[in-house]
Amino acid sequence: MARQVIPMDEILERFETEVKRGMMQVAIMYLLEQERYGYDIIKCLKDGGLGVEEGTLYPILRRLEDEKLLSSRWVTAGPRPRKYYVITAYGKEVRAKLLASLKAFGTAIERMEHATG
Amino acid sequence: MYNKPIDDYIEEVTNDMGAKQRDEVARELQTHILDSADALAAERKATVDETIIREVIAKMGPASQVAALYPSKKTFLELKETKGMWDAIKALAGIAVMFALVGVVLMIMAPDALTAIPVQTILEIVFALGIAAFVIGLIFFGMYLYDTQLKSTYEARLIRLEKSLNEAGSPAKIGLTIFGTMVWLAILNLFWTKLPFISSFHEDAVLIPVLSAAFAGFLLWFNVLGVLGIGIQLLFLVMREKWVPSLLEAIMGLCTAVLFAAILVAMPFNPALPAEFFTGIKIFLAIVIAMCLFDSGRKLWQTARLFIHEQYRQNSAA
Numbered sequence: 001m002a003r004q005v006i007p008m009d010e011i012l013e014r015f016e017t018e019v020k021r022g023m024m025q026v027a028i029m030y031l032l033e034q035e036r037y038g039y040d041i042i043k044c045l046k047d048g049g050l051g052v053e054e055g056t057l058y059p060i061l062r063r064l065e066d067e068k069l070l071s072s073r074w075v076t077a078g079p080r081p082r083k084y085y086v087i088t089a090y091g092k093e094v095r096a097k098l099l100a101s102l103k104a105f106g107t108a109i110e111r112m113e114h115a116t117g
Numbered sequence: 118m119y120n121k122p123i124d125d126y127i128e129e130v131t132n133d134m135g136a137k138q139r140d141e142v143a144r145e146l147q148t149h150i151l152d153s154a155d156a157l158a159a160e161r162k163a164t165v166d167e168t169i170i171r172e173v174i175a176k177m178g179p180a181s182q183v184a185a186l187y188p189s190k191k192t193f194l195e196l197k198e199t200k201g202m203w204d205a206i207k208a209l210a211g212i213a214v215m216f217a218l219v220g221v222v223l224m225i226m227a228p229d230a231l232t233a234i235p236v237q238t239i240l241e242i243v244f245a246l247g248i249a250a251f252v253i254g255l256i257f258f259g260m261y262l263y264d265t266q267l268k269s270t271y272e273a274r275l276i277r278l279e280k281s282l283n284e285a286g287s288p289a290k291i292g293l294t295i296f297g298t299m300v301w302l303a304i305l306n307l308f309w310t311k312l313p314f315i316s317s318f319h320e321d322a323v324l325i326p327v328l329s330a331a332f333a334g335f336l337l338w339f340n341v342l343g344v345l346g347i348g349i350q351l352l353f354l355v356m357r358e359k360w361v362p363s364l365l366e367a368i369m370g371l372c373t374a375v376l377f378a379a380i381l382v383a384m385p386f387n388p389a390l391p392a393e394f395f396t397g398i399k400i401f402l403a404i405v406i407a408m409c410l411f412d413s414g415r416k417l418w419q420t421a422r423l424f425i426h427e428q429y430r431q432n433s434a435a
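Chains as they are written, first to last, in my numbering: chain A, 1 to 117; chain B, 118 to 435.
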């Protein structure tokens, strides 16, 4: 039986989603050097060229918080309650390692690309 | 209003979450949707409407996908807080089974030994352990039920609070309460001397008045409380700070309980009534006093909620 060819757009989209998820985690950790809330983070990500489905941000924040990479607090003084996040000291350590890891992957891919011509 | 699409989306995302996580996630997503809707409306120089809300929700991504991205939490049985209790149930049940097994083995293999340890004792120990496991299990089940079903979400609490706030000043409710109080006072004042009851539970029973002349002293207080009650209901209509009449209602509930307690002590009833009536009326009055106290506590709780909510609203407006 002939295998069905998956359209390139679909492959690219899936790849981008997979890569973006990891990149987003690092980007968020950089943005949270200063205290920010969800909508603010989304705006900054979009401005930085990392537009995502907005709902996907919150599960990432929740996971990073569970892993003690972020801390949060509710601020109820404004028109509606907002949860503000900021990176922890441990988060900063992990962020440095993650960035190094990302760079190493990039370098490895580049090296492979050059080697194969 | 555009709350329904937001509530539906949040409900779908948080459906399988534990109560605590559900509350937090719901609050956060709601704030985000509203923030995003405000920004989109400002960009288009329009006001937020259902179309904008639906557009924002579409940008959030499918609810099922967002829900799947949240880190999975430990189940109720895996939680550290409940694990100890679960272990206790298992240990108790295990010991009970062991005792029962020892009893059965002794009965088959060495029936003579059972003369020294009566079967009844083994059965009692097994029964006691079984009861202990059952009670812990019951508490456990109650906790599980509370955590998964009864613990209300932030939205549900807000809706309930909003409803109670509206109900506190509802003209229909106030009108009905005033009407009921007036009817009750009219009946009491006009007919208290004629209120009948049978003189005995035998064939020769005749109808005689229930209340004695001593009740006249209490009638005045019933009237005072009735009139004050009507006044308090009117305060609900005219005052913006609903917690004030609510507090007065709570105090009046206490006063009513004191009045019924005084009646219980003085017993201003016809002495010719049968002894069973006096027993019945004492139980009835005790129930009424308990209900008054409970109602007063409930009103006090409502007062606190109204007070906090009104302060919060004032601060927000400022």
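For every residue, glycine included, the Cβ atom is placed at its ideal position computed from N, Cα and C.
{"Item": "Three-state secondary structure assigned by DSSP to Arg357(B)", "Value": "coil"}
{"Item": "C-beta contact flag for Lys311(B) and Pro288(B) at 9 Å", "Value": "no"}
{"Item": "Buried or exposed (CB count within 10 angstroms, at least 16 for buried), Arg144(B)", "Value": "buried"}
{"Item": "Any chain B beta carbon closer than 9 Å to Ile6(A)", "Value": "no"}
{"Item": "heavy atom of the ligand PLP below 8 Å from Lys176(B) C-beta", "Value": "Ligands displayed in this structure: none; no statement on the ligand PLP is therefore possible."}
{"Item": "Under 9 Å between C-beta atoms of Val214(B) and Ile239(B)", "Value": "no"}
{"Item": "Contacts of Thr56(A) in chain B (Cβ-Cβ under 9 Å)", "Value": "Met177, Gly178, Gln182, Val183 and Leu186"}
{"Item": "Pro326(B) - containing beta strand (DSSP E), residue span", "Value": "Leu324 to Pro326"}
{"Item": "Terminal residues of the alpha helix (DSSP H) in which Ser101(A) lies", "Value": "Ala89 to Ala115"}
{"Item": "Three-pair Cβ contact test at 8 Å for the stretch 419-426 of chain B versus the stretch 378-386 of chain B", "Value": "no"}
{"Item": "Near-chain A residues of the stretch 136-149 of chain B (beta-carbon distance less than 9 Å), N- to C-terminal order", "Value": "Gln138, Glu141, Val142, Arg144, Glu145, Leu146, Gln147, Thr148 and His149"}
{"Item": "Any C-beta of chain A under 9 Å from that of Val173(B)", "Value": "yes"}
{"Item": "Any 3 or more C-beta pairs closer than 8 Å across the stretch 174-187 of chain B and the stretch 43-62 of chain A", "Value": "yes"}
{"Item": "Pairwise C-alpha distance: Ile41(A) and Arg73(A)", "Value": "15 Å"}
{"Item": "Whole-number beta carbon distance between Tyr119(B) and Asp166(B), since they are thought to touch under 8 Å", "Value": "7 Å"}
{"Item": "Nearest-angstrom Cα separation, counted from His426(B) out to Tyr261(B)", "Value": "30 Å"}
{"Item": "Span separating the alpha-carbon of Lys399(B) from that of Leu223(B)", "Value": "57 Å"}
{"Item": "Lys83(A) (DSSP reduced to helix, strand or coil)", "Value": "strand"}
{"Item": "Rounded separation between Thr5(A) and Ala115(A) - CA only", "Value": "The amino acid at residue 5(A) is misidentified as Thr; the sequence shows Val. So the two alpha carbons sit approximately 29 Å from each other."}
{"Item": "Minimum Cβ-Cβ distance from Ala28(A) to chain B less than 9 Å", "Value": "It is Ile, not Ala, that sits at residue 28(A) in the sequence shown. Cβ-Cβ to chain B under 9 Å: no for Ile28(A)."}
{"Item": "Outcome for Thr522(B) when other beta-carbon atoms lying within 10 angstroms are tallied against a minimum of 16", "Value": "For residue 522(B) there is no data in the structure shown, the boundaries of chain B being 118 and 435."}
{"Item": "Three-way DSSP call (helix, strand, coil) for Tyr37(A) in this model", "Value": "strand"}
{"Item": "Beta-carbon separation (whole angstroms), Ile406(B) vs Phe424(B), contact threshold 8 Å", "Value": "Between Phe424(B) and Ile406(B) the Cβ distance is about 27 Å, and since that is not below 8 Å, they are no contact."}
{"Item": "Limits of the alpha helix (DSSP H) - the one that Ser181(B) falls within", "Value": "Ala180 to Leu186"}
{"Item": "Identity of the residue in Lys83(A), Gly51(A) and Ala89(A) nearest Lys68(A) by Cα", "Value": "Ala89(A)"}
{"Item": "Backbone CA spacing between Phe296(B) and Asn306(B) [nearest angstrom]", "Value": "15 Å"}
{"Item": "Three-way DSSP call (helix, strand, coil) for Leu70(A) in this model", "Value": "strand"}
{"Item": "Close beta carbons around Thr164(B), own chain, < 8 Å, minus the five adjacent residues each side", "Value": "Ala158"}
{"Item": "Contact residues within the stretch 69-95 of chain A, judged by C-beta distance below 7 Å to chain B", "Value": "Arg80, Pro81, Arg82 and Lys83"}
{"Item": "Rounded straight-line distance, which links the Cα of Gly397(B) to that of Ala210(B)", "Value": "45 Å"}
{"Item": "Within 9 Å, strictly: CB atoms of Ile123(B) and Leu151(B)", "Value": "yes"}
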